[in-house]
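Novice:
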Amino acid sequence: ILHDMVEHTERAGMGTTCTTALIIGDVLRVAHVGDSSAFLIRGDRIKKLTEEHHMSGSLSNSLGVRLAAYRGAQLVLQLLESGDIVVLCSDGLTDYASQKCIGRLARQSFEKLADALVQYALDEGGHDNITVIAAQVAP
């Protein structure tokens, strides 16, 4: 990203967010930078695992914007239990769906969860990139 900005000056200030997850055994590992999110849904509870990196309406920590501003990724380790649901999503979802709404939709149907969340954001006026990935630990 930084190299691309040097080669194409019209892209100055360009950056991106990244939230990744890796599950090995019963441990979820999340690496995060920017304003995308990771959630853990366990039974009737939902927990946001990541913190948004905002400062005065813009991203304060993202990949590519300014090397001097990049502070490194937030790393999260979380033990998983049977039936847990992990949701990774862009701010295109969280700008329109509250944490409570995400949890409610997850309890209705895991099989249709990603599509239901995207549709909810669109129905609420979402126009930004709305990306959702959901995984469930086998019961």
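Residues 99 to 237 in our numbering are what the sequence shown spells out, letter by letter.
Just so it is clear, CB atoms sit at the ideal spot from N, CA and C, and this is done for glycine as well.
A quick note: this is a predicted structure, and the numbers were derived from the prediction, not measured.
#1: Considering only the alpha carbon of each residue, which of I121, V235, Y194 and R143 lies closest to E209?
#2: Taking the C-alpha atoms as reference points, what is the distance between K145 and T107?
#3: With distances taken Cα to Cα, identify the nearest neighbour of E132 among L177, L126, V174 and S188.
#4: Report all residues from its chain with a CB closer than 8 Å to the CB of A204; omit the five preceding and five following residues, and keep chain order.
#5: Start and end of the alpha helix (DSSP H) containing V184?
#6: If distances are taken between C-alpha atoms only, which option among G224, G223, S180 and H225 comes closest to P237?
#7: Suppose you measure from the CA of Y218 to the CA of I122; what does that come to, to the nearest Å?
#8: Residue range of the alpha helix (DSSP H) that A219 falls in?
#9: Work out the CA separation of D221 and Q197 for me, nearest whole Å.
#10: If you draw a straight line from the alpha carbon of S207 to that of A171, how long is it in whole angstroms?
#11: Measuring straight from C-alpha to C-alpha, what distance separates G141 and Q176?
#12: So, under 8 Å CB-CB, V125 and L173 are touching, yes? Tell me the CB distance rounded to an integer number of Å.
Specialist: Checking against the coordinates, here is how it stands:
#1: Taking only the C-alpha atoms, the option nearest E209 is V235.
#2: One C-alpha to the other measures close to 40 Å.
#3: This sequence places Gly at residue 132; Glu is not what is there. Checking every option, the nearest Cα to that of G132 belongs to S188.
#4: Cβ within range, chain order: I139, I144, I183, V185, L211 and A232.
#5: Run containing V184: none in the alpha helix (DSSP H); it sits in the beta strand (DSSP E), I183 to C187.
#6: Taking only the C-alpha atoms, the option nearest P237 is S180.
#7: When rounded, the distance between both Cα atoms is 31 Å.
#8: Taken as a continuous stretch (DSSP letters only), the alpha helix (DSSP H) holding A219 covers L211 to D221.
#9: Between the alpha carbons of Q197 and D221 lies a gap of roughly 17 Å.
#10: Taking C-alpha positions only, S207 is separated from A171 by approximately 32 Å.
#11: Those two C-alpha atoms are separated by around 16 Å.
#12: Rounded to the nearest angstrom, the Cβ distance from V125 to L173 is 12 Å, too far for a contact under 8 Å.
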